[in-house]
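J.: According to full-length UniProt numbering, the sequence shown is numbered sequentially starting from 1.
Take this structure, written in structure tokens, and hold onto it; I'll ask about it next.
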Amino acid sequence: MDPGSAWANLTSQTRRTKGDVPPPLVGASVTTLGDAIYVFGGRPVSSREMISSLYRLNLRTLFWDRISPSPHSGEDEHDARPSPAPRYFHSAAAWEHRLVFYGGQGFVPPTSEEEEGHLETLDDVLLYDTVSGQWSAPSLTTRPGVAAPPPRYAHLSVVTSTVSEPTPGFEQDEAIVSSRLTIIGGQDWDNQYLAEMSVLDLDRMEWIAEASFDRRAGTYRSVGVAPSVTVEPAVEAQAVGEPVVRSSYSIPISEEKGEPVMVFSNTNFVNPRRELDFIPSPVESLARPPYFSVADRMIGDAGLPPGIRFPQAYACGRHLIVSGLNVATPISEYAIWSLDLGASGASGAMENDVDLRWSSIAAGNVLSSGSWNRAVGWKNNLVILGSKDRDILEDYNHRQNNFAHVAFVDLEAFGIYEPPAQQMTPGAQALGLVTFSQESLADYEVVANDGERVRCSRKLLESRWKWFHEEMEALESKARNLTDSHGRTETLNDEDEDDEAVDPRRPQAAFRPASRNMFRSSSSQSDHHSPSPSISTHPGRSIFPISLRSLTLPLDAPAARALVQYFYTLSLSTPLQRSVNILTTLLMFTKTHDVIPGLRALVVHALHESIDSENAPRIYESAALAGSVALQVSALRSMMAVSLA
């Protein structure tokens, strides 16, 4: 077996879908929103009549629901809610909790026996609210001097959203988000390509810009996509007199910086010509021309993508994923290719003259047979709809899409994923390290398994660690209850204070609260041996020995110190934290004790960034023990690359 196929099989799997599975369709839209895939419209393969049914696939249960009936299925004639007109080869995009549909071709039924039905090309906008389950058809306006786009089908559509920065001197409860729908290319009633693009302000439902787009862009050969986040690259800096490394991270797309709409096209499928155009994020107007090509910067160690028919795209972190049907080879296949846009993602590639590197993504045996047709991105996975029991070439000839099976390809195993968000600004992280270095500000101790103590702020731990906050509340509640039951409070001298954490598995003498919220063992035994009030005894949560003065963790001293640094910065940036030994220790800790939300994602991300020829074997072993398959495969790929060099 090819070793590449062996590890590829670890990252891919096929599952059968259940429920009200959509029939095989031609020209239906496939869109992902949250944890669901929505399939709308299209035409059954066995019929010429289009439908307006909406199907939803829950990606966690793989269960299909038909959530919107066709208007021809006997719905209540008194229902005032609008029903969508049947259509196919329309476009669909996700906008917040709504789906936005535009254009396509509809079928006009005959009005008499003498007439025949005919196709019509549409130019309307439909919205489906996935929360309320309501359809709407908003009225559209046009800005003076801007023409509404003509009807079209088989076009591209992309929703972009940007967040505006608050005005200096004013507080802003919620970010102001502006959203745009960009319509590109497509074909008109006469099947002629439309060399233009238009921008719709979704917040005001107003066409605000138009421009020529001198490409023959359509769904048969082209695809458009935009990133959902901006990727900030990893940087080295100084903090508290020592160098720190800040991992790359994701932030919301700002209106000032923006992220481009990317349009990938390939023509002449036997000897492909590939284009990649960037359209700067449309805000209020479009440049003339509105795009610029970066095709001359595309390179690839294993060549460039083949001629892909009906391509689909997904922007994931710093990568553009393009997939689709490759039927120009003796064996037809579903091809998946990745374009590395550089450390700063799409916006960086737009601003900097850097090479853009293509690489093929192997899915192992999962896609080697069957008919796979449409792909969407979901988290750090590529989800491909199809049927493992059909023939891909036969279905391509009929333009048939299937929904009986889904294939999952874990992109993280190829180093392709959306970096975790940064919870604190670099300035706040630096201030946190300064605060941590001031022991005079500490009033609590984290005890390592070798007895070494790391001093820190209890209030800070409570504010940034929910589990710890709940444990402290439980301890204080027990102390109050004990005080009330005794009817008095005993004052302790400093020399009587017991600052040792108590093992909750051993019977202990009763404790009495001191006036300064300290605890010590009573000089006399209680009538019944109750657990110490300084120990949390909640089932399922009392995993570490804990008191109001200290917390004992199953970590050695360096790892315990690195973990406390994390709570001060909510990041992994210091030389201690970035040590592969510390990162692998924390990875195992998060597998055994999943009580710190977000930490495991940061650890895995830092280990991905640490993979090289020297560290790969250690990271591979630790990832295998910790159950992080994608990280394990990523390290294995690095090891294989070294062995083959």
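Quick reminder that beta carbons are idealized off the backbone N, C-alpha and C, glycines included.
What you are looking at is a predicted structure, and each value in this text was computed from that prediction instead of being measured.
Provide the residue(s) that pair with H319 in DSSP beta bridges, ordered along the chain.
T.: In the sequence shown, counting from the first residue as 1, residue 319 sits at position 319. Per DSSP, C316 and D340.
J.: What does the Cβ neighbour count give for V409, buried or exposed, with the cut at 16 atoms within 10 Å?
T.: Within the sequence shown, numbered from 1, the residue matching residue 409 stands at position 409. Result: buried.
J.: Compute the distance between the beta-carbons of A217 and I251, then report whether it is under 8 Å.
T.: Taking the first residue of the sequence shown as 1, we reach residue 217 at position 217. Taking the first residue of the sequence shown as 1, we reach residue 251 at position 251. Taking 8 Å as the Cβ cut-off, A217 and I251 do not qualify as a contacting pair.
J.: What are the complete beta strand (DSSP E) segments, minimum 3 residues, inside the stretch 8 to 74?
T.: For the stretch 8 to 74, whole beta strand (DSSP E) runs of length 3 or above, ordered along the chain, are 12 to 16, 29 to 33, 36 to 40, 54 to 58 and 63 to 68.
J.: Between E604 and L631, is the Cβ-Cβ spacing less than 8 Å?
T.: Taking the sequence shown and counting its residues from 1, one reaches residue 604 at position 604. Taking the sequence shown and counting its residues from 1, one reaches residue 631 at position 631. Position check: residue 604 holds Val in this sequence, whereas Glu was assumed. Taking 8 Å as the Cβ cut-off, V604 and L631 qualify as a contacting pair.
J.: Given this structure, state the Cα-to-Cα distance separating S12 from V633, to the nearest angstrom.
T.: As a first step, residue 12 is located in the sequence shown; it is residue number 12 there, counting from the start. As a first step, residue 633 is located in the sequence shown; it is residue number 633 there, counting from the start. Computed Cα separation, rounded: 12 Å.
J.: Strictly by DSSP, which residues pair up with M197?
T.: Residue numbering aside, residue 197 sits at position 197 when the sequence shown is read from its first letter. BP columns for M197 point to I184 and A211.
J.: I'd like to know if the stretch 239 to 247 and the stretch 204 to 223 are in contact, where contact means that at least 3 CB-CB pairs between them fall below 8 Å.
T.: Verdict: no, contact absent.
J.: In the DSSP assignment, find the unbroken beta strand (DSSP E) run with M588 in it and report its ends.
T.: Mapped onto the sequence shown, residue 588 falls at position 588. Per DSSP, M588 belongs to no beta strand (DSSP E); it is in the alpha helix (DSSP H), V580 to T592.
J.: Tell me which residues share the same chain as S622 and place their Cβ nearer than 6 Å to its Cβ, disregarding the 5 neighbours each side in the sequence.
T.: Locating residue 622 in the sequence shown gives position 622, where the first residue counts as 1. Result list for S622: T584 and L587, in chain order.
J.: Using the DSSP secondary-structure output, state which residues sit across from R374 in a beta bridge.
T.: Indexing the sequence shown from 1 puts residue 374 at position 374. For R374, which the question treats as bridged, DSSP gives the partners L385.
J.: How long is the line joining the alpha carbons of D20 and S29, rounded to whole angstroms?
T.: As a working note, residue 20 is residue 20 in the sequence shown. As a working note, residue 29 is residue 29 in the sequence shown. One C-alpha to the other measures close to 17 Å.
J.: Distance, Cα to Cα, residue 714 vs S347?
T.: What is shown of the chain runs 1 to 645, which leaves residue 714 out entirely.
J.: For Q577, is the classification buried or exposed, using 16 other Cβ atoms within 10 angstroms of its Cβ as the cut-off for buried?
T.: By one-based count along the sequence shown, residue 577 stands at place 577. Buried is the call here.
J.: Whose C-alpha, out of G104, G103, E120 and Y102, is nearest the C-alpha of P110?
T.: Residue 110 sits at position 110 when you count from the first residue of the sequence shown. For the residues G104, G103, E120 and Y102, the minimum Cα distance to P110 belongs to E120.
J.: Hey, quick one: how far does the alpha helix (DSSP H) through A560 stretch, first residue to last?
T.: Numbered from 1 along the sequence shown, position 560 holds the residue referred to as residue 560. Where A560 is concerned, the enclosing alpha helix (DSSP H) stretches over A557 to T569.
J.: Which residue's Cα is closest to the Cα of W358: S368, W372 and W337?
T.: Walking along the sequence shown from the start, residue 358 turns up at place 358. Of the listed residues, the one whose Cα sits closest to W358 is W337.
J.: Going straight from the alpha carbon of D450 to that of A562, what length do you get?
T.: Here residue 450 corresponds to residue number 450 of the sequence shown, with the count starting at 1. Here residue 562 corresponds to residue number 562 of the sequence shown, with the count starting at 1. Between D450 and A562, the C-alpha separation is close to 15 Å.
J.: Quick check on the DSSP output: what are the complete beta strand (DSSP E) runs of length 3 or more inside the stretch 390 to 439, in order along the chain?
T.: DSSP runs (the beta strand (DSSP E)) wholly in the stretch 390 to 439: 405 to 410.
J.: Where DSSP assigns a beta bridge to Y444, which residues make up the other side?
T.: Along the sequence shown, read from residue 1 onward, the residue named residue 444 stands at position 444. DSSP lists C456 as partners of Y444.
J.: Taking the continuous beta strand (DSSP E) assigned at L126, which residues delimit it?
T.: The sequence position of residue 126 within the sequence shown is 126, counting from 1. Per DSSP, L126 belongs to the beta strand (DSSP E) from H118 to D129.
J.: Between the C-alpha atoms of S532 and T483, what's the straight-line distance to the nearest angstrom?
T.: Taking the first residue of the sequence shown as position 1, residue 532 is located at position 532. Taking the first residue of the sequence shown as position 1, residue 483 is located at position 483. A caution first: S532 carries a pLDDT of 32, below 50, which makes its placement in the model unreliable, though a value can still be read off. Approximately 13 Å, taken between the alpha carbons.
J.: CA-CA distance, R458 and N481?
T.: Your numbering for residue 458 matches position 458 in the sequence shown. Your numbering for residue 481 matches position 481 in the sequence shown. Distance between the alpha carbons of R458 and N481 is about 22 Å.
J.: Just to check my reading of the structure: L382 and A375 have Cβ atoms closer than 8 Å, yes? What is that Cβ distance to the nearest angstrom?
T.: Numbered from its first residue, the sequence shown carries residue 382 at position 382. Numbered from its first residue, the sequence shown carries residue 375 at position 375. Rounded, the Cβ-Cβ distance is 5 Å, consistent with contact.
J.: Let me confirm a value: residue 675 is counted as buried when at least 16 other C-beta atoms fall within 10 Å, else exposed. Which label applies?
T.: Nothing can be reported for residue 675, as the shown portion of the chain is limited to 1 through 645.
J.: Please state if the CB of V199 and the CB of P282 are separated by a distance shorter than 8 Å.
T.: What you label residue 282 is simply residue 282 of the sequence shown in a count that begins at 1. What you label residue 199 is simply residue 199 of the sequence shown in a count that begins at 1. Their beta carbons are under 8 Å apart, which means P282 touches V199 by this criterion.
J.: Compute the Euclidean distance between the alpha carbons of T329 and S323, then round it to the nearest angstrom.
T.: Position 329 of the sequence shown, counted from the start, is the residue given in the question as residue 329. Position 323 of the sequence shown, counted from the start, is the residue given in the question as residue 323. In a straight line, the C-alpha of T329 is about 16 Å away from that of S323.
J.: Specify the secondary structure class of D296 as computed by DSSP and reduced to three states.
T.: The residue given as residue 296 occupies position 296 in the sequence shown. Helix at D296.
J.: Excluding the 5 residues flanking R600 on each side, which residues of the same chain have their C-beta closer than 6 Å to its C-beta?
T.: Stepping through the sequence shown from its first residue, residue 600 is reached at position 600. Cβ within range, chain order: T590.
J.: Taking buried to mean at least 16 other C-beta atoms within 10 Å of its own C-beta, is R152 buried or exposed?
T.: One-based indexing of the sequence shown puts residue 152 at position 152. R152 should be labelled buried.
J.: Are the CB atoms of I37 and L59 within a distance shorter than 8 Å?
T.: If you number the sequence shown from 1, residue 59 lands on position 59. If you number the sequence shown from 1, residue 37 lands on position 37. The answer is yes: Cβ separation under 8 Å.
J.: Please state whether DSSP places E232 in a helix, a strand or coil.
T.: One-based indexing of the sequence shown puts residue 232 at position 232. DSSP places E232 in strand when its eight states are reduced to three.
J.: Let me know the secondary structure DSSP gives A606 once reduced to three states.
T.: Against the sequence shown, residue 606 aligns to sequence position 606. If DSSP states are grouped into helix, strand and coil, A606 belongs with the helices.
J.: Which residue comes first and which comes last in the beta strand (DSSP E) that contains E275?
T.: Counted from its first residue, the sequence shown places residue 275 at position 275. Run containing E275: R273 to I279, per the beta strand (DSSP E) assignment.
J.: According to the Cβ coordinates, are V108 and H118 closer than 8 Å?
T.: Counting from 1 along the sequence shown, the entry for residue 108 is found at position 108. Counting from 1 along the sequence shown, the entry for residue 118 is found at position 118. A contact, by the Cβ cut-off of 8 Å.
J.: Identify the continuous beta strand (DSSP E) that holds R98 and give its terminal residues.
T.: By 1-based counting over the sequence shown, the position of residue 98 is 98. Per DSSP, R98 belongs to the beta strand (DSSP E) from R98 to V108.
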